[in-house]
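One structure is given below, encoded as structure tokens.
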Amino acid sequence: MHIHHPVLIVGQGIAGTLLSFMLYRRNIPFMVIDMPAPNPTSYTSGAVLNPYSGKTRPGVQRRSVMYDTAIGIYQEMQSFLGIPLVSDGSLVFFDSDREPQPEQAESFRDFFQHFEIVHVCDPVAMVHNEVLLKAWNAFLKEKGLLMEAVFEEQLLIPGEDAVAYKGAYWHAVVYCNGVAARDSSYFSPLRFTRNRGEVLYLHINGLPEQVIFNKGKTRLIPKGNGLYWCGSNYNWDFEDMIPDEHWKAETIALLQSWMKLPFEVLEHTCAERPTTVGQIPFIGWHPLYKRIGICNGLGTKGFSAGPLWITDFVANMMREEGRTQYQSVLDKFLS
0 MHIHHPVLIV GQGIAGTLLS FMLYRRNIPF MVIDMPAPNP TSYTSGAVLN
50 PYSGKTRPGV QRRSVMYDTA IGIYQEMQSF LGIPLVSDGS LVFFDSDREP
100 QPEQAESFRD FFQHFEIVHV CDPVAMVHNE VLLKAWNAFL KEKGLLMEAV
150 FEEQLLIPGE DAVAYKGAYW HAVVYCNGVA ARDSSYFSPL RFTRNRGEVL
200 YLHINGLPEQ VIFNKGKTRL IPKGNGLYWC GSNYNWDFED MIPDEHWKAE
250 TIALLQSWMK LPFEVLEHTC AERPTTVGQI PFIGWHPLYK RIGICNGLGT
300 KGFSAGPLWI TDFVANMMRE EGRTQYQSVL DKFLS
């Protein structure tokens, strides 16, 4: 039996991108299979790295581990690809229950109105997610490491020593295909939850472009050249992926009551997030089919927590221990 490549990665969202990059830098051969789709979730993410939020391993300081790991990985990808991918910023909270910083409030009065409290968190970082994903996609194509095709799971044949797919044999197959994994015959018993978020893309002249503004559930994230990401709600009960015009109207009205600066709505989109019950990621190996793995369910913290979780997963793959930090979750539902 000839194993064509050690690893077949299904999907090139943020999970598939991080996993393939980490394998590449360790000289572990792989292939990614992915068919571009409209409105991919990883493209519509706010992609903020915030050391003050998110989950990581129990008992571990998330600022020292999750945030630093993420910054290090994205800076490494930035150097490797030779383009700006991550930038420093501040996160400003209005009308929050955080400790007020009156000395900070004055610097924002030219832009906003009717706010009572300003609290500034430093540092945070912003990943240029669409730039990152498109640049890595182009690199994979250049190196012949990307198959632009629909993954046909019914043609996957798991075995003890390898997994067969379309005439090739793979040491391992890893599902990084977001919400699509919910329909997999191997992973459908996992407790995925349906969660949809809405995003407005705005053009605003005059706002500081290294500052994220947060008021209640509304967040403005700079994307460069006056472009701002504005979102996002969490809709757990929905029937389709048609953007919610009611949410759009409410958000525009809120922004108009909040900001002094005019803005233009460029686009309104929505995407389904690959979230899980308890916000615990699904990362590990199928307990019955040992060469089929999953790296999924990163949810809203995918860009910030994903680098740490996937670093652990790759280390596990190299040691061939067969277990990951979250393996017990897979064992519970799939055995």
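Going letter by letter, the sequence shown gives residues 0 to 334 in numbering that gives the first Met the number 0.
Here a beta-carbon is modelled for each residue, glycine too, at the ideal position from N, C-alpha and C.
With distances taken between CB atoms, is the gap from residue i to residue j smaller than 8 Å?
{"i": "Leu-84", "j": "Val-126", "result": "yes"}
{"i": "Val-172", "j": "Leu-155", "result": "yes"}
{"i": "Gly-177", "j": "Gly-12", "result": "yes"}
{"i": "Glu-208", "j": "Pro-221", "result": "yes"}
{"i": "Cys-269", "j": "Asp-311", "result": "no"}
{"i": "Ala-180", "j": "Asn-26", "result": "no"}
{"i": "Glu-147", "j": "Asp-33", "result": "yes"}
{"i": "Ser-41", "j": "Leu-139", "result": "no"}
{"i": "Arg-218", "j": "Gly-45", "result": "yes"}
{"i": "Tyr-174", "j": "Ser-183", "result": "yes"}
{"i": "Leu-213", "j": "Phe-93", "result": "Checking the displayed sequence, the identity of residue 213 turns out to be Asn instead of Leu. Contact flag set, yes."}
{"i": "Ser-89", "j": "Val-123", "result": "yes"}
{"i": "Gly-292", "j": "Gly-283", "result": "yes"}
{"i": "Phe-150", "j": "Val-9", "result": "yes"}
{"i": "Ala-314", "j": "Met-65", "result": "no"}
{"i": "Leu-17", "j": "Ile-211", "result": "no"}
With H, G and I counted as helix, E and B as strand and the rest as coil, what does DSSP make of residue i?
{"i": "Tyr-73", "result": "helix"}
{"i": "Lys-165", "result": "coil"}
{"i": "Tyr-174", "result": "strand"}
{"i": "Val-59", "result": "The predicted model places Val-59 with a pLDDT of 45, which falls under 50 and marks its position as unreliable; any figure quoted below should be read in that light. DSSP places Val-59 in coil when its eight states are reduced to three."}
{"i": "Ile-293", "result": "strand"}
{"i": "Ile-156", "result": "strand"}
{"i": "Asn-224", "result": "coil"}
{"i": "Lys-54", "result": "With a pLDDT of only 48 at Lys-54, under 50, the local geometry of the prediction cannot be trusted, and the value read off the model is given with reservation. In this structure, Lys-54 counts as coil in the three-state DSSP scheme."}
{"i": "Phe-20", "result": "helix"}
{"i": "Gly-230", "result": "strand"}
{"i": "Leu-199", "result": "strand"}
{"i": "Ala-314", "result": "helix"}
{"i": "Phe-186", "result": "coil"}
{"i": "Phe-111", "result": "strand"}
{"i": "Arg-25", "result": "coil"}
{"i": "Gln-209", "result": "coil"}
{"i": "Phe-138", "result": "helix"}
{"i": "Glu-151", "result": "coil"}
{"i": "Ala-179", "result": "helix"}
{"i": "Ala-37", "result": "The amino acid occupying residue 37 in the given sequence is Pro; Ala does not appear at that position. Pro-37: coil per DSSP, three-state reduction."}
{"i": "Glu-238", "result": "coil"}
To which residues does DSSP link residue i through a beta bridge?
{"i": "Lys-214", "result": "Phe-93 and Thr-217"}
{"i": "Asp-87", "result": "Ala-124"}
{"i": "Val-47", "result": "Met-125"}
{"i": "Tyr-42", "result": "Answer is none; Tyr-42 lacks a bridge partner."}
{"i": "Asn-194", "result": "Arg-272"}
{"i": "Val-31", "result": "Ile-8 and Leu-145"}
{"i": "Val-64", "result": "None; Val-64 has no bridge partner."}
{"i": "His-245", "result": "According to DSSP, His-245 bridges with nothing at all."}
{"i": "Phe-79", "result": "In DSSP, Phe-79 forms no bridge with anything."}
{"i": "Val-117", "result": "Phe-93"}
From residue i to residue j, what distance separates their C-alpha atoms?
{"i": "Asp-121", "j": "Ser-106", "result": "15 Å"}
{"i": "His-118", "j": "Gly-230", "result": "20 Å"}
{"i": "Val-198", "j": "Asp-160", "result": "45 Å"}
{"i": "Arg-56", "j": "Tyr-168", "result": "Bear in mind that a pLDDT of 47 at Arg-56, under 50, signals an unreliable position, so the number given afterwards is only what the model happens to contain. So the alpha carbons of these two residues sit roughly 34 Å apart."}
{"i": "Val-6", "j": "Phe-281", "result": "18 Å"}
{"i": "Pro-28", "j": "Arg-290", "result": "16 Å"}
{"i": "Gly-81", "j": "Ile-70", "result": "16 Å"}
{"i": "Asn-49", "j": "Phe-302", "result": "10 Å"}
{"i": "Met-316", "j": "Ser-19", "result": "13 Å"}
{"i": "Arg-272", "j": "Asn-128", "result": "15 Å"}
{"i": "Ala-36", "j": "Lys-259", "result": "37 Å"}
{"i": "Phe-306", "j": "Gly-15", "result": "Inspection of the sequence shows that residue 306 is occupied by Pro rather than by Phe. Roughly 11 Å separates the two Cα atoms."}
{"i": "Leu-201", "j": "Glu-75", "result": "30 Å"}
{"i": "Val-59", "j": "Lys-216", "result": "With a pLDDT of 45 at Val-59, under the threshold of 50, the modelled position of that residue is not reliable, and no figure is offered here."}
{"i": "Leu-22", "j": "Asn-136", "result": "15 Å"}
{"i": "Tyr-380", "j": "Asp-109", "result": "Because the chain here runs from 0 to 334, residue 380 falls outside it and cannot be looked at."}
{"i": "Arg-193", "j": "Ser-86", "result": "31 Å"}
{"i": "Ile-203", "j": "Tyr-288", "result": "51 Å"}
{"i": "Val-91", "j": "Leu-254", "result": "15 Å"}
{"i": "Leu-206", "j": "Ala-104", "result": "15 Å"}
{"i": "Lys-247", "j": "Phe-111", "result": "20 Å"}
{"i": "Lys-54", "j": "Gln-278", "result": "Residue confidence is low: Lys-54 scores 48 on pLDDT, short of 50, so the model does not pin down where it sits. Its coordinate-derived value is still stated next. The alpha-carbon atoms of Lys-54 and Gln-278 are separated by roughly 8 Å."}
{"i": "Thr-250", "j": "Lys-300", "result": "23 Å"}
### Runs of beta strand (DSSP E) lying entirely within the region 249 to 289, each at least 3 residues, in chain order
The DSSP assignment places 263 to 275 and 281 to 284 as complete runs of the beta strand (DSSP E) inside the region 249 to 289, in order along the chain (cut-off: 3 residues).
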